[in-house]
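A.B. asks:
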Amino acid sequence: MDVKSKHGHIKSNPEESLLFRNSVSKNIAQLSSINYADRNVQAALEQLSERKFKNEREARKQLPFEVFSDLIWTNGSIIKELSELSSQTLSVQSQLLKVKNSIDSYKNEWSKKTNDAQILLNSYETFCEEEALIEEKLKNIEIFEKNFVIMDDDLIHLTSSTDVDDRFYLILDKAQEIHDSSDSLFASLSGFVEYSSFEEIVKKMSRYIEAAFEKLFRCVQTELSDPQTAQTLEANSHLKKAFTKLFSEPTMVNKSINLIVQARQQILSTAYLTALTRGDFLSSSRPIELSAPDTVRFIGDLLAWIHQTIVNEKELVEALFAARKRQIQLNPFPPWDVPNVLEDQMNSLLDGSLYGICRPLSSRAQTSVLDLSDIVRLYNVIEILGFYREAFSKIVHDECIILRIIKTLEDFTYQRMKTVLDDELYTISNTNLSITDDLLPPDFVTTFLRNANSIFKIRGASLSVQGVDELPFKMLFMQLFDRILEICAAMTEDVRPPYKGIILMLNVLDSCTNYVGRYTFLNELFEYLQEKTTYYKNNLTTLLNNDYIAQAGLSDLLQKIADTTDDKQALKNYLHSWKWDQQIDKFSTFIRKTLSETIDNLQLLTSPIVTNQVLKETAISFVGAIETVDKALELSNLERRWPLSTEELLIAMNVDSMDTLSDIGQSDIDNLSVN
Numbered sequence: 001m002d003v004k005s006k007h008g009h010i011k012s013n014p015e016e017s018l019l020f021r022n023s024v025s026k027n028i029a030q031l032s033s034i035n036y037a038d039r040n041v042q043a044a045l046e047q048l049s050e051r052k053f054k055n056e057r058e059a060r061k062q063l064p065f066e067v068f069s070d071l072i073w074t075n076g077s078i079i080k081e082l083s084e085l086s087s088q089t090l091s092v093q094s095q096l097l098k099v100k101n102s103i104d105s106y107k108n109e110w111s112k113k114t115n116d117a118q119i120l121l122n123s124y125e126t127f128c129e130e131e132a133l134i135e136e137k138l139k140n141i142e143i144f145e146k147n148f149v150i151m152d153d154d155l156i157h158l159t160s161s162t163d164v165d166d167r168f169y170l171i172l173d174k175a176q177e178i179h180d181s182s183d184s185l186f187a188s189l190s191g192f193v194e195y196s197s198f199e200e201i202v203k204k205m206s207r208y209i210e211a212a213f214e215k216l217f218r219c220v221q222t223e224l225s226d227p228q229t230a231q232t233l234e235a236n237s238h239l240k241k242a243f244t245k246l247f248s249e250p251t252m253v254n255k256s257i258n259l260i261v262q263a264r265q266q267i268l269s270t271a272y273l274t275a276l277t278r279g280d281f282l283s284s285s286r287p288i289e290l291s292a293p294d295t296v297r298f299i300g301d302l303l304a305w306i307h308q309t310i311v312n313e314k315e316l317v318e319a320l321f322a323a324r325k326r327q328i329q330l331n332p333f334p335p336w337d338v339p340n341v342l343e344d345q346m347n348s349l350l351d352g353s354l355y356g357i358c359r360p361l362s363s364r365a366q367t368s369v370l371d372l373s374d375i376v377r378l379y380n381v382i383e384i385l386g387f388y389r390e391a392f393s394k395i396v397h398d399e400c401i402i403l404r405i406i407k408t409l410e411d412f413t414y415q416r417m418k419t420v421l422d423d424e425l426y427t428i429s430n431t432n433l434s435i436t437d438d439l440l441p442p443d444f445v446t447t448f449l450r451n452a453n454s455i456f457k458i459r460g461a462s463l464s465v466q467g468v469d470e471l472p473f474k475m476l477f478m479q480l481f482d483r484i485l486e487i488c489a490a491m492t493e494d495v496r497p498p499y500k501g502i503i504l505m506l507n508v509l510d511s512c513t514n515y516v517g518r519y520t521f522l523n524e525l526f527e528y529l530q531e532k533t534t535y536y537k538n539n540l541t542t543l544l545n546n547d548y549i550a551q552a553g554l555s556d557l558l559q560k561i562a563d564t565t566d567d568k569q570a571l572k573n574y575l576h577s578w579k580w581d582q583q584i585d586k587f588s589t590f591i592r593k594t595l596s597e598t599i600d601n602l603q604l605l606t607s608p609i610v611t612n613q614v615l616k617e618t619a620i621s622f623v624g625a626i627e628t629v630d631k632a633l634e635l636s637n638l639e640r641r642w643p644l645s646t647e648e649l650l651i652a653m654n655v656d657s658m659d660t661l662s663d664i665g666q667s668d669i670d671n672l673s674v675n
């Protein structure tokens with residue numbers, strides 16, 4: 001069956017046509033059974049209306065035919081398109097096969113090129129490794145040349161007679177770095193391999209460095225030969241830099257210090273002579289020699305000039321070592337450059353510079369001291385020396401030569417004081433000295449104490465308490481007081497009665513303690529004099545007690561009582577046979593004459609305290625002796641009455657009876673009775 005439409009004729013297979021007709025019939029039947037009142041159908045129809053189909057009966061009748069016609073046309077189009085798609089698919093398969101073949105060909109070519117590229121990459125990596133190795137070797141060579149090689153022109157500049165400039169120091173620093181680096185490297189590897197090249201470098205650098213330092217030393221030596229340069233050394237930056245470098249080399253330190261010392265000794269010696277004889281025109285200071293007649297001022301002026309000189313020299317030494325000190329603080333230092341060693345080097349330089357003026361200073365000061373014979377002025381010199389020694393000790397180290405010189409001068413002046421005093425006392429001891437009736441200290445003692453008091457005042461108001469040694473001061477006056485007491489004791493050997501000599505000694509000691517007791521720094525001497533006073537006071541008490549007992553006629557009686565203490569009958573017989581009438585007469589005479597004379601003599605004691613103590617202790621001893629006799633009489637059933645009662649006797653002895661009676665004890669009686 002042929003179907004004709006607006007699209008033309010399409011031939012088909014009979015079976016296909018049959019199937020097609022059945023399908024179309026079925027669809028038409030379905031279309032005929034559609035409820036056109038259904039909204040969905042209406043919506044569909046409206047859509048058809050939008051396609052310019054009118055929802056009318058006629059149009060609906062024609063719809064199945066039009067749909068069938070469109071379906072046929074559509075299927076035909078689909079079949080055609082499927083046919084074209086099949087053709088295109090075959091074409092695509094052909095193209096894909098070509099692409100696959102191209103890809104396979106490309107893969108083969110890529111694999112070949114990859115292998116070639118890998119070979120090229122391996123070659124490149126090998127080249128890079130070789131290049132890095134070469135660069136490392138070049139870098140090592142550069143480092144070696146930088147750290148272990150010095151150019152020939154630099155070596156010539158380092159060791160030749162050319163001037164020392166900044167380039168010289170740079171080359172010398174490099175040479176030292178090469179030497180130290182090679183030495184360290186050689187030392188660390190010497191146990192494993194032999195590096196003769198490093199050893200040779202170390203030896204060469206050692207020779208170059210030694211030659212460079214010798215050149216630097218000669219240059220400095222030449223410049224210091226000029227007095228003007230040596231005098232302005234602190235302001236010379238070139239020389240300070242040179243010495244800083246020289247101080248860094250252990251073998252050159254002592255040579256450099258000795259060189260500076262020689263130059264500074266000459267400068268200071270010249271300056272000392274100038275200050276001594278001509279003065280300083282810039283500061284309008286007069287020559288020190290003009291003060292020579294006044295020894296104290298002369299020595300003070302000398303020490304003042306030395307003080308200023310020490311300050312200047314200290315500043316110079318610190319300026320010379322300042323850079324070296326900073327180097328040690330910033331960098332690790334070897335054993336020869338520890339701070340203590342550097343401090344010792346500075347002290348050595350300062351001592352050496354000052355040594356040149358210490359000897360003439362000491363000689364001139366000793367000559368001036370020998371011209372003095374006034375002990376007060378001599379001690380003024382000691383105070384000045386002590387003051388400056390204390391001032392110097394704050395500037396210089398403890399073992400500085402100037403401190404030793406000042407201490408030597410101080411000891412020399414002490415010795416001069418001792419010599420002057422010994423001469424005076426020797427002259428006095430060989431003079432015919434006499435004791436005055438008032439038993440006051442001799443004139444030479446008074447003069448000595450006045451001079452000593454002047455010295456004590458100076459010492460008490462001293463500004464150099466830490467500077468002047470106390471030991472020689474105390475020893476000097478301890479010996480002098482001993483010598484004075486010896487002379488006074490020699491004066492009293494022939495004095496009668498003997499207790500007058502003891503009174504004189506107590507008066508001398510009282511004067512001494514009155515002066516010495518004013519000063520706390522003389523406590524040891526004061527205690528020593530107090531011990532002497534106690535000694536003579538006890539001697540006086542014992543002597544008076546024995547004299548009282550002898551003058552009262554009690555000596556034999558007390559001795560017999562002591563001997564017969566255990567034999568009461570013998571004691572009783574002895575006491576019965578004793579001539580008591582004569583005993584009472586002697587006792588009365590003692591009270592009237594001897595006691596009053598002795599008490600009058602005791603009033604010559606200048607110390608009321610000592611007087612009262614002697615009177616009281618003598619009274620206690622004498623009353624104790626009387627009570628010993630009374631007790632013996634009581635044991636023997638005898639009764640004898642003394643001219644005075646105990647209270648009356650104490651009053652006669654010029655002591656407080658009530659106070660003294662309370663102090664009387666049997667132990668004192670026994671001890672003093674035996675004496």
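Note that UniProt numbering numbers the sequence shown so that position 29 is 29, with each residue one more than the last.
Note that CB positions come from ideal geometry on N, CA and C, so glycine has one too.
#1: Between the region 310-328 and the region 237-250, are three or more C-beta pairs nearer than 8 angstroms?
#2: Only counting the same chain, and skipping five residues up and downstream in sequence, which positions put a Cβ closer than 8 angstroms to that of Cys488?
#3: Thinking C-alpha only, which one of Tyr272, Leu409, Asp563, Lys500 is nearest Thr541?
#4: Around the C-beta of Val202, are 16 or more other C-beta atoms found within 10 angstroms, so that it is buried, or is it exposed?
#5: Does the structure place the region 537-557 close enough to the region 608-623 that three or more beta carbon pairs sit under 8 angstroms?
#6: When the distance is taken between beta carbons, is Ile171 closer than 8 angstroms to Asp154?
#7: By Cβ distance, which residues of its chain are closer than 6 angstroms to Val655, with the 5 residues on each side in sequence left out?
#8: For Val67 and Phe20, what's the separation of their Cα atoms in angstroms?
#9: Once DSSP output is grouped into helix, strand and coil, what is the label at Gly501?
#10: Could you check where the alpha helix (DSSP H) with Tyr519 kicks off and where it finishes?
#11: Assign Phe192 to one of three DSSP states: helix, strand, or coil.
#12: Classify Ala490 as buried or exposed, calling it buried when 16 or more other Cβ atoms lie within 10 Å of its own Cβ.
#13: For Leu303, which residues of its own chain have a beta-carbon under 7 angstroms away from its beta-carbon, when the five flanking residues on both sides are left out?
#14: Would you kindly report the start and end of the unbroken alpha helix (DSSP H) that includes Gly553?
#15: Out of Arg218, Ala263, Tyr208, state which residue places its alpha-carbon closest to the alpha-carbon of Gln228.
#16: Can the beta-carbon of residue 701 be found less than 8 angstroms from the beta-carbon of Pro64?
#17: Using the rule of at least 16 other Cβ atoms within 10 Å of the residue's Cβ for burial, across every protein chain shown, is His179 buried or exposed?
#18: Is the separation between the beta-carbon of Leu350 and that of Val396 shorter than 8 angstroms?
#19: So Lys474 and Glu531 are supposed to be a Cβ contact under 8 angstroms. How far apart are they, rounded?
#20: With a 10 Å radius around its C-beta and 16 neighbouring C-beta atoms as the bar for buried, classify Phe127 as buried or exposed.
#21: Relative to the alpha-carbon of Gln266, which residue among Leu354, Lys80, Glu200, Val253 has its alpha-carbon at the smallest distance?
#22: Suppose you measure from the CA of Leu378 to the CA of Met417; what does that come to, to the nearest Å?
#23: According to DSSP, is Pro293 helix, strand or coil?
#24: Between Leu345 and Ile288, what straight-line distance do the alpha-carbon atoms span, to the nearest angstrom?
#25: Could you give the DSSP three-state label for Arg207: helix, strand or coil?
#26: Go ahead and label Gly386 buried or exposed: buried means 16 or more other beta carbons lie within 10 angstroms of its beta carbon, across all protein chains shown.
#27: Relative to the alpha-carbon of Thr158, which residue among Ser206, Leu138, Glu142 has its alpha-carbon at the smallest distance?
#28: Pick from Leu425, Asp398, Asp374, Arg450: whose alpha carbon is nearest that of Thr413?
#29: Identify whether His397 lies in helix, strand or coil by the three-state DSSP scheme.
#30: How about Glu234 and Leu342: are their beta carbons less than 8 angstroms apart?
#31: Can a CB atom of chain B be found closer than 8 angstroms to the CB of Lys532?
#32: Three-state secondary structure (DSSP) at Arg324?
#33: Applying the criterion that 16 or more other CB atoms from any shown protein chain within 10 Å of the CB defines a buried residue, is Phe192 buried or exposed?
#34: Considering only residues of the same chain and omitting the five flanking positions on each side of Phe456, which have a CB-CB separation below 8 angstroms?
C.D. replies: Here's the rundown:
#1: yes
#2: Pro441, Pro442, Val445, Leu504, Met505, Val508
#3: Lys500
#4: buried
#5: yes
#6: yes
#7: Leu615, Lys616, Ala619
#8: 13 angstroms
#9: helix
#10: Unbroken run through Tyr519: none, as it is neither H nor E.
#11: Unreliable positioning characterises Phe192 in this predicted model, as indicated by a pLDDT of 45, which lies under 50. The coordinate reading is nonetheless provided below. Coil at Phe192, not helix or strand.
#12: exposed
#13: Ile384, Tyr388
#14: Premise fails: Gly553 is in no alpha helix (DSSP H) and is neither H nor E.
#15: Ala263
#16: Lying outside 1 to 675, the shown extent of the chain, residue 701 is not represented and no answer is given.
#17: buried
#18: yes
#19: The Cβ separation is near 15 angstroms, so there is no contact.
#20: exposed
#21: Leu354
#22: 6 angstroms
#23: coil
#24: Rather than Leu, the amino acid found at residue 345 in this sequence is Gln. Roughly 33 angstroms separates the two Cα atoms.
#25: helix
#26: buried
#27: First, the residue type needs correcting, since residue 158 is Leu and not Thr in the sequence shown. Nearest of Ser206, Leu138, Glu142 to Leu158, Cα basis: Ser206.
#28: Asp374
#29: coil
#30: no
#31: Considering every chain present, this structure includes no chain B. It has just one protein chain.
#32: helix
#33: Caution applies to Phe192, whose pLDDT of 45 falls short of 50 and renders its modelled position unreliable; the model cannot decide the point.
#34: Tyr515, Val516, Arg518, Tyr519, Leu522
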